[in-house]
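Sequence order for the protein chains is A and B. Reminder that position 86 of the first sequence reads as 86 in this note's numbering, one-by-one numbering, no gaps. Add 1000 to a position in the second sequence, counting from 1, and you land on the number used in this note's numbering. Ideal Cβ positions, reconstructed from N, Cα and C, are used throughout, including at glycine. All values derive from a computational prediction rather than experimental measurement.
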Amino acid sequence: MKPPARAPRQKMPEQSAEERVKNFREVPYGYPPETAKIEAARCLQCKTAPCRQGCPVEVRIPEFIRKIREGDFAEANRIIKGDNALPAVCGRVCPQEDQCEKLCVLAKKGESVAIGRLERFAADYGLAQAPETPPPAAPTGRRVAVVGAGPAGLTCAGDLARLGHEVTIFEAFHAPGGVLVYGIPEFRLPKAIVQAEVDALKRAGVKIELNAVIGKVETIDELLAEGFDAVFIGTGAGLPNFMGIPGENLGGVYSANEYLTRSNLMKAYRFPDFDTPIIRSRRVAVVGGGNVAMDAARTALRLGAEEVRLVYRRSREEMPARIEEIHHAEEEGVRFELLTNPIEILGDDQGRTRGMRCLRMKLGEPDASGRRRPVPMPGSEFEVELDTVIIAIGNTPNPLIPSTTPDLKVGSHGTIVADKETGLTSKARVFAGGDIVTGAATVIEAMGAGKRAARAIHAQLMGG
Amino acid sequence: MFAIKKKRLIAPKVVLMEVLAPKIARKRRAGQFVILRVNDTGERFPLTIADSDAEAGTITIIFQIAGKSTALLAALNEGEAIQDVVGPLGRPTHIEKVGHVVCIGGGVGIAPVYPILRAMKEIGNRVTSIISARSKDLLILEEEMRAHSDDLKVATDDGSHGFKGFPTQILQGMMNGGERIDLVVAVGPVPLMRAVCEVTRPRGIPTVVSLNPIMVDGTGMCGGCRVSVGGKTQFVCVDGPEFDGHQVDFDLLSKRLRTYADLERASAEAHKCKIGAG
Ligand SMILES: Cc1cc2nc3c(=O)[nH]c(=O)nc-3n(C[C@H](O)[C@H](O)[C@H](O)COP(=O)(O)OP(=O)(O)OC[C@H]3O[C@@H](n4cnc5c(N)ncnc54)[C@H](O)[C@@H]3O)c2cc1C
Ligand SMILES: Cc1cc2nc3c(=O)[nH]c(=O)nc-3n(C[C@H](O)[C@H](O)[C@H](O)COP(=O)(O)OP(=O)(O)OC[C@H]3O[C@@H](n4cnc5c(N)ncnc54)[C@H](O)[C@@H]3O)c2cc1C
Ligand code: SF4
Ligand code: SF4
Ligand code: FES
């Protein structure tokens, strides 16, 4: 079975830009089986598998790709699942170009194997089959509470349940999934996929208690006192930052969290069939340059805005968003206003947003993050007319749990201090992982942390 | 699902419900609220916990039918259940023995004042309550408020019951009469809270108000509930809902409350049409 010599990296078919800005359906369709096999055949099956080192959970990449090439898609999926509980999610949202694909030996020529797309293909194949119910593990009689149903919490819970522990997840929202359901839009990650993964967890015996804000309805100490043998905290970094400029509290100014939560979790894009309203904007500015900003901008277009600008104070190279997402946003007609910084949001006499005053910037010396620092250009002020501003300049951890758990050590940015390998915090029997420990990061890193913590919790529960 | 144990219409368009939510009932304190979602397509909206019974595991909510969500909630009957109830949210009221406290509740704002009044009384304050409504039949919780207050005064806009006029006039009268007041707590429509603050400001009487911005999550993750207090942005769901009324930018609050007015009206209309047709 010799691969056709030097097939190029296979493209994934997707909805055209003109079509997709009118709907919320997923943009790429995924590989058809034939294309997946061609792409899989491009993998050189390197003995050392450098690609694996780029993956935070070290998915056995050459092995699963080989199975795709051989047409054994179910086995490919099983191999990935051994290391990654949510492959249908990661295949879609991992920043692969900075992780597994970055270290692929073919990356030097800019033609790395499309590992993410293949992972998505195998996972989608798995989801389409009847679910496999893993053999029930012998109950250990130990109980673990997991706080937060984001990728970190879901992964930790799943691993612990498979080891025979009794796991209950406490989630503040009325739906599990964390950022996967309230942040990342349907057109990038269909919610049915998250639901399928959650259903699988439930079949594995995980209990999920929704509408449970830990720190309010119960504290961490109360959970321990109630008989949970260990607690994992995976509450994410959900607190939105604002810029602190005049006019930020006007009607029509949203945090990206609010805008995306209204649209994704509350389905405001289907108003009035769903009851949650969202402003029907005409002219929108999104402030920021990360994935969150791209998601907000593309959501605004789909909600019918005529003009959506992305205002970012550095240049394109510094944008933290995934290249693919920047590209998608641009194709769909988002206008990039780079090296631009807002200094005031302007309102009308009804307290509604009518515009924004901005400054042009130029790049100066590198700052602490190694990126060149933007400096204002004197006299470059200008105004744009707008009715909506969405602020997407980052999130920090919510202080609720630290403030109600006195002996939990907290870092300088409000993150919970936890051991890198085990997730153990300063408090006995309490572990933490994901964005609450690292600050806003990625889905797969949160999952990796959940996984490592599950291993450590298991060791502690069975050892002591 | 959260079962409705009891439902009663206590004034036109004002409904009292006892809802089974044992964990919340056990934990909640005066001043806190819940966020509800009536069904799968519903929005999340806040209501104050007016009372609770830890033994029965129930919380009491009292709400005015204002638009679609409260209408949907009011349409549920005893034995039926609310999809989602989350809480207790917000900071509890700061309860301290200060001397003489005046608790002012306007309209459906009487419901959130009721638990505060009781806590203020329990800790040993002398409490005068002033409750008001547009007319007698809209007045809620009069008996309950009277039972726990040292003195209860009633005002109606049309004079159909008690004093004819606004509660602020009663408050002003007390102050003019030289009565010592150590703290005022006011809950009600924004114009009422603003007016109370204007009355107490010249004498520097500490005045606490409970703000009612539009909320989504109620846990500090969206920022939709932000208000300006003393020039600083605060999230009402986690930093409040109670604030020093003399520092609150009421103008901003009322403008933000109107953000979705057109959409809400459309939604309520569509809802009525559906009910009408069905
Ligand atoms: C809009 C957006 C787009 C993104 N796009 C990408 C992408 O393309 N690729 C990528 O890899 N990463 C992306 N990220 C980042 C990624 O989603 C996060 O790094 C990841 O979700 C972190 O997982 P987590 O489990 O730590 O926390 P979260 O996903 O934030 O989940 C935390 C959960 O805990 C719950 N919770 C919080 N407090 C409490 C409490 N007190 N009690 C009970 N429950 C609580 C929350 O409701 C939530 O469900 C994106 C983030 C956003 C916001
Ligand atoms: C902390 C807090 C406690 C409250 N306690 C009570 C109470 O005990 N009893 C009571 O009757 N009302 C209370 N309210 C107000 C109540 O939440 C609104 O009346 C309700 O959301 C109206 O929804 P609707 O769909 O029926 O009406 P709509 O037609 O949607 O709205 C009517 C008005 O209600 C406000 N509103 C709309 N949506 C929301 C939302 N998601 N969150 C907050 N306000 C909104 C707006 O000002 C709007 O103009 C409280 C509000 C807050 C913030
Ligand atoms: S989980 Fe993410 S980083 Fe790891 S192999 Fe899959 S796509 Fe690559
Ligand atoms: S580095 Fe690239 S070519 Fe080599 S095994 Fe990994 S995916 Fe295949
Ligand atoms: S309601 Fe979202 S932060 Fe307060």
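Listed by chain order, chain B residues near residue i by CB distance under 8 Å
{"i": "I172/A", "result": "Sequence check: residue 172/A is Ala here, not Ile. Those within 8 Å of A172/A in chain B are V1086, D1217, T1219."}
{"i": "T261/A", "result": "V1216, D1217, M1221, C1222"}
{"i": "Q350/A", "result": "K1255, R1258"}
{"i": "E258/A", "result": "V1216, C1222, G1223, G1224"}
8 Å Cβ cutoff, residue i in contact with chain B
{"i": "S255/A", "result": "yes"}
{"i": "V179/A", "result": "no"}
{"i": "D98/A", "result": "no"}
{"i": "K207/A", "result": "no"}
{"i": "L408/A", "result": "no"}
{"i": "D199/A", "result": "no"}
{"i": "P251/A", "result": "With the sequence shown as reference, residue 251/A is identified as Gly, and Pro is not the correct amino acid for it. Taking Cβ atoms only, chain B reaches closer than 8 Å to G251/A, which makes this a yes."}
{"i": "G238/A", "result": "yes"}
{"i": "M294/A", "result": "no"}
{"i": "M266/A", "result": "yes"}
{"i": "F242/A", "result": "yes"}
{"i": "P3/A", "result": "Residue confidence for P3/A is low, a pLDDT of 49 falling below 50, so the modelled location carries little weight and cannot support an answer."}
Cβ-heavy atom distance, residue i to ligand 7, below 7 Å
{"i": "G1245/B", "result": "Absent from the structure shown: ligand 7. Ligands present: ligand 1, ligand 2, ligand 3, ligand 4 and ligand 5."}
Residue i at chain A interface by Cβ criterion, 8 Å
{"i": "F1250/B", "result": "no"}
{"i": "K1005/B", "result": "no"}
{"i": "S1069/B", "result": "yes"}
{"i": "T1041/B", "result": "yes"}
{"i": "I1059/B", "result": "no"}
{"i": "T1233/B", "result": "yes"}
{"i": "R1008/B", "result": "no"}
{"i": "D1137/B", "result": "no"}
{"i": "S1228/B", "result": "yes"}
{"i": "A1277/B", "result": "Caution is warranted here: a pLDDT of 47 is assigned to A1277/B, below 50, making its placement in the model unreliable, and no coordinate value can be reported."}
Residue i - partner residues in DSSP beta bridges
{"i": "F232/A", "result": "V146/A, F431/A"}
{"i": "Y254/A", "result": "I390/A"}
{"i": "M1017/B", "result": "K1007/B, I1061/B"}
{"i": "M361/A", "result": "P376/A"}
{"i": "S1149/B", "result": "None, per the DSSP bridge assignment."}
{"i": "F1235/B", "result": "R1226/B"}
{"i": "K207/A", "result": "T168/A"}
{"i": "T353/A", "result": "G347/A"}
{"i": "A1186/B", "result": "I1104/B, V1209/B"}
{"i": "V1248/B", "result": "V1229/B"}
{"i": "I1035/B", "result": "P1046/B, V1086/B"}
{"i": "L339/A", "result": "According to DSSP, which records beta bridges pairwise, L339/A is partnered with nothing at all."}
Neighbour list for residue i in chain A, Cβ cutoff strictly below 9 Å
{"i": "L1076/B", "result": "Chain A residues near L1076/B: none, gap ~15 Å exceeds 9 Å."}
{"i": "L1283/B", "result": "Outside the modelled stretch of chain B, which goes from 1001 to 1278, sits residue 1283/B, for which no answer is possible."}
{"i": "L1089/B", "result": "V213, K216"}
Proximal chain A residues relative to residue i, where beta-carbon distance stays under 7 Å
{"i": "A1270/B", "result": "P272"}
Amino acids of chain A, ordered along the chain, whose beta-carbon sits closer than 8 Å to that of residue i
{"i": "A1266/B", "result": "P272"}
Any residues in the segment 1184-1200 of chain B with a beta carbon nearer than 8 Å to a beta carbon of chain A? Which ones, in chain order? Going along the segment 1184-1200 of chain B in chain order, one finds no residue with a Cβ nearer than 8 Å to chain A.
Kindly provide the chain-ordered list of residues whose Cβ lies closer than 7 Å to any non-hydrogen atom of ligand 5. E258/A, M1215/B, V1216/B, D1217/B, G1218/B, T1219/B, G1220/B, M1221/B, C1222/B, G1223/B, G1224/B, C1225/B, F1235/B, V1236/B, C1237/B, V1238/B
Which residues, in chain order, does the segment 379-405 of chain A contribute to contact with chain B at a C-beta distance below 9 Å? I391, N395, N398, P399, L400
Give me the subset of the segment 1010-1039 of chain B whose CB atoms are less than 8 Å from a CB atom of chain A, sorted by chain position. K1023, I1024, K1027, R1037
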